[in-house]
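Novice:
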Amino acid sequence: MGNFLLLLQNENMKIYRRIRTWVMLGLIVAIPALFAVLVKVSVTDDPGAWDMFSNITIIYMLVSVFASVIFADIVASEFGWGTIKLLLIRPWKRSKILLSKLLAGILFSLISTILFLAVDFILSFALFHGRSVNEYPADYTAFSYAMEQMLYQYVDLLVICVIAFMLSTLFRSSGISIGLSIFILFARNIFQALLNPELYPWAKYVLFTNMDLSQYMMGGGQAGMTMGFSITMLAVYVLVFLAISWVVFMKRDVAA
Amino acid sequence: MTSQEPVVRMINVTKKIGSKTLIDKLNLEIPPGRVFGFLGPNGAGKTTTIRMMVGLMSISEGDIYIGQSSVKTDFEGAMRQIGAIVENPEMYKFLTGYQNLLHYARMTPGITRARIDEAVARVGLTNRIHEKVKTYSLGMRQRLGVAQAILHRPKLLVLDEPTNGLDPQGIRELRDYLQELAHQEGTTVFVSSHLLSEMELMCDTVAVIKQGRLVDVKDLRGSAEAGRRETAFEVDKPLEAAALAGSGTIDGSKLIVAVDREETADLNARLAAGGIRVYSITVLTRSLEDQFFEMTGRGGGQIG
Ligand SMILES: Nc1ncnc2c1ncn2[C@@H]1O[C@H](COP(=O)(O)OP(=O)(O)O)[C@@H](O)[C@H]1O
Ligand SMILES: [Mg+2]
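Line order of the protein sequences matches chains A and B.
319 is the number that the working numbering gives to position 207 of the first sequence; each next residue is one higher, with no gaps.
208 is the number that the working numbering gives to position 146 of the second sequence; each next residue is one higher, with no gaps.
The following block contains the structure:
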């Protein structure tokens, strides 16, 4: 039997040997840095480090965009390049090849998230020494609050990335899958705002309503929704998206 | 020769897409150690058949065995024995040639770095292998394609229209290489083309496909049939010559018979001994080319 880790190594090679990837990682460092420097030179009173940390965290959106691009591209690009043919005629089941791609994507999302966090921390604590004014809910410290928020943002990123991954296998075109993923990434806030579970009882089963787990940090959710309910909903959606990806990828005739 | 078990067995292979039957009950056995051609006009179903062989397309009915492994039920076992290029050899352009080979080497157990270097040398890419593929010419990509296909020393090498885009020099090299691979290393080579002239140069046997159906399988070497050509003997007494030859047709002062080289010399000697004057001997090039056109219909054999 072949060694699955070697498949993962291949997928990583195809991600990190592209200049695009390094541009993304560079921007994940450069844009928060630019933002922090701008704040530093434009305010007279330094904000507190933790306050600044949470301000910079808004830029985490950038990581979501980049990770979505990687996921949306990882299957479709092989079809676009025509390399899918040489990839699939190896002694490996298609299911395992797809798994290696999913894992490589997750690895990228982790690396870019950790990089972002490190940059966020360093900038906040190196440049800003003022008094923190942010207040946190009971039971939270600034640190635990920030970390829990990051965790929920990462969950949110992963859900979007799984959608991007599914679109990538469905459409086999990087352009379409990247475009659609980014559209969903930006449009889902609109859906979330429109579909208020207090007004429409069915809205609590909509994916977008459940994606922001930080809504429970301040206490109960809307319309009786709970953290457990949202996690279950997210798990169900993610499993369905992955199942669709696998079934389509395994059954599809490759005529690229 | 160890065994004459066929390397590939296609049994009633059928491919349907929607209501269209692209391949219709194809039965074909490919014996080991040969360059086996798969000839047919564009759209005949060569690529479709090859895609089914390598698992890129599902097989609607029937099955394909590579050695003992069914492509349907033991895909991994079947693929371990195959190296292939399906249509153009598309590679990762942002990687070097070497990184591309490393990528495929990792996917089959037991390929050492030394083996990669050997394959690279084999296709003559040693000098450029550490450059990015985007700087390669089509011919170089073709070579890299062959290198990835032979990395794991497959029992069966499948090449779909490998001469597309190659210059005559490249075609000759490929031909010599495939012959060597088959006759010295015992690899079975299955190669498709829509050009008969290439098949005649490259292959030992050729299967002809037309509109998804197998039309004929022809031996191009070794058998008596293969070497025979229609040959015209211009003589003074055609009737007597025909009687002496025991076969053939008469066209004016010419006797036309199907003979190979040796038979030509023998017949010439017999005619001379029988007191018939032979003025000229001409090989008529009505050969496979015409037969191919007869089988597949005109217009299919050439492009442009
Ligand atoms: N995915 C597909 N769906 C429907 N028809 C197809 C598909 N792929 C190929 N065909 C048709 O099948 C026939 C055989 O095509 P192909 O195997 O590519 O021929 P060849 O390689 O011999 O030129 C052609 O008529 C082509 O139009
Ligand atoms: Mg073809």
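We put the beta carbon where it would ideally sit given N, CA and C, even for glycine.
In this text, all values refer to a predicted model and were calculated from it rather than measured experimentally.
Check each residue of the region 94-123 of chain B: if its Cβ is closer than 8 Å to any Cβ of chain A, include it; give the result in chain order.
Specialist: Listed by position along the chain: R113, V116, G117, L118, M119 and S120.
Novice: Should B:E223 be listed as close to ligand 2, given that the test is whether its C-beta is under 8 Å from any heavy atom?
Specialist: It does: the Cβ of B:E223 is within 8 Å (strictly closer) of some heavy atom of ligand 2.
Novice: What is the rounded straight-line gap between the Cα of A:P313 and the Cα of A:D268?
Specialist: About 22 Å.
Novice: Would a C-beta distance cut-off of 9 Å place B:K87 and B:F100 closer than the cut-off?
Specialist: No, the pair does not count as a contact, with Cβ atoms beyond the cut-off.
Novice: Taking 6 Å as the limit between beta carbons, can you name the residues of its chain near B:Y160, skipping five residues before and five after?
Specialist: Answer for B:Y160: I191 and H192, listed in chain order.
Novice: Just to check, is the beta-carbon of A:S236 closer than 8 Å to a non-hydrogen atom of ligand 1?
Specialist: Because no heavy atom of ligand 1 lies under 8 Å away, the Cβ of A:S236 does not count as near it: no.
Novice: Measure the CB-CB distance between A:V231 and A:I140 and report whether it falls below 9 Å.
Specialist: Cβ distance < 9 Å, so A:V231 and A:I140 count as in contact.
Novice: What residue from A:I356, A:Y317 and A:V352 has the CA that sits closest to A:T338's CA?
Specialist: Comparing Cα-Cα distances from A:T338 to each of A:I356, A:Y317 and A:V352, the minimum goes to A:Y317.
Novice: For a contact defined as C-beta to C-beta under 7 Å, what are the partners of B:I150 on chain A?
Specialist: The sequence given here places Asn at residue 150 of chain B; Ile does not occur at that position. Neighbours of B:N150 on chain A, chain order: G194.
Novice: Within the 9 Å Cβ cut-off, does B:G139 reach chain A?
Specialist: Interface residue, yes.
Novice: Pull every residue with its beta-carbon under 6 Å away from any heavy atom of ligand 1, and keep them in chain order.
Specialist: For ligand 1, the selected residues are A:A367, B:I79, B:K82, B:L84, B:G102, B:N104, B:G105, B:A106, B:G107, B:K108, B:T109 and B:T110.
Novice: Taking B:Q143 and B:G129 to be in contact with their CB atoms under 8 Å, please state how far apart those CB atoms are, rounded to whole angstroms.
Specialist: About 6 Å; that satisfies the 8 Å criterion.
Novice: So is A:D251 buried or exposed if we call it buried at 16+ other beta carbons inside 10 Å?
Specialist: That one is exposed.
Novice: In chain B, what lies closer than 8 Å to A:A367 by C-beta?
Specialist: Correct list: R113, L118 and M119.
Novice: List the residues that DSSP assigns as beta-bridge partners of B:D125.
Specialist: DSSP, once it has assigned bridges, lists B:I73 as partnering B:D125.
Novice: Decide if B:T111 is buried, meaning its Cβ has at least 16 other Cβ atoms within 10 Å, or exposed.
Specialist: When all chains shown are included, B:T111 counts as buried.
Novice: Would you identify the three-state DSSP class for B:N330, choosing helix, strand or coil?
Specialist: Reduced to three states, the DSSP call for B:N330 is helix.
Novice: Identify, in the order they occur along the chain, each residue of the same chain with its Cβ nearer than 8 Å to the Cβ of B:E302, setting aside the five sequence neighbours on each side.
Specialist: Result list for B:E302: G336 and I338, in chain order.
Novice: What is the rounded straight-line gap between the Cα of B:V185 and the Cα of A:I209?
Specialist: B:V185 and A:I209: Cα-Cα distance of roughly 28 Å.
Novice: Just the C-alpha distance for A:R243 and A:N124, rounded to the nearest angstrom, thanks.
Specialist: Between A:R243 and A:N124, the C-alpha separation is close to 43 Å.
Novice: Quick test of your reading: B:Y66 and B:P94, contact by CB under 8 Å. State the CB separation rounded to the nearest angstrom.
Specialist: In the sequence under discussion, the amino acid at residue 66 of chain B is Gln, which differs from the Tyr named in the question. The Cβ separation is near 7 Å, so the contact holds.
Novice: For the putative contact between B:E223 and B:S255, defined by C-beta atoms under 8 Å, what is the C-beta separation to the nearest angstrom?
Specialist: Confirmed, Cβ separation roughly 6 Å.
Novice: Measuring straight from C-alpha to C-alpha, what distance separates A:Y266 and A:Q327?
Specialist: Cα-Cα distance, rounded: 14 Å.
Novice: Using the C-alpha atoms, what's the distance from B:E324 back to B:S315?
Specialist: If I take the Cα positions, the gap works out to 23 Å.
Novice: Answer with yes or no whether the minimum CB distance from B:K154 to chain A is below 9 Å.
Specialist: Note that residue 154 of chain B is Tyr in the sequence shown here, rather than Lys. Yes, B:Y154 counts as interfacial toward chain A.
Novice: Between the region 319-340 of chain A and chain B, which residues of the former have a C-beta closer than 9 Å to a C-beta of the latter?
Specialist: Those residues of the region 319-340 of chain A that come within reach of chain B (Cβ to Cβ, closer than 9 Å) do not exist; the list is empty.
Novice: At a CB-CB cut-off below 7 Å, which residues of chain A make contact with B:A146?
Specialist: Going along chain A in sequence order, the residues near B:A146 (Cβ under 7 Å) are I201.
Novice: Just to check my reading of the structure: B:L206 and B:R291 have Cβ atoms closer than 8 Å, yes? What is that Cβ distance to the nearest angstrom?
Specialist: Actually they are not in contact, since the Cβ atoms of B:L206 and B:R291 sit about 39 Å apart, beyond 8 Å.
Novice: Please name the residue, chosen from B:T293, B:L243 and B:I343, that lies closest to B:A320 on a Cα-to-Cα basis.
Specialist: Among B:T293, B:L243 and B:I343, the Cα nearest to that of B:A320 is on B:T293.
Novice: Roughly how many angstroms separate the alpha carbons of B:N330 and B:T311, rounded to a whole number?
Specialist: B:N330 and B:T311: Cα-Cα distance of roughly 16 Å.
Novice: B:Y341 by DSSP, collapsed to three states: which one?
Specialist: Of the three classes helix, strand and coil, the one that applies to B:Y341 here is strand, per DSSP.
Novice: For the candidate residues A:M164, A:F183 and A:I143, whose alpha-carbon lies nearest to that of A:L297?
Specialist: Comparing Cα positions, the closest option is A:F183.
Novice: Can you list, in chain order, the residues of its chain whose CB lies under 7 Å from that of A:E310, leaving out five sequence neighbours each side?
Specialist: Cβ within range, chain order: Q334 and A335.
Novice: For B:E235, which of helix, strand or coil comes out of DSSP?
Specialist: B:E235 falls in the helix class under three-state DSSP.
Novice: As an exercise, report each continuous beta strand (DSSP E) stretch of at least 3 residues that is fully enclosed by the region 232-320 of chain B, in chain order.
Specialist: Qualifying beta strand (DSSP E) stretches, in chain order: 250-255, 267-272, 275-281, 291-297 and 311-313.
Novice: Name, please, each residue of chain A whose Cβ falls closer than 9 Å to the Cβ of B:Q210.
Specialist: Residues of chain A passing the Cβ test: L198.
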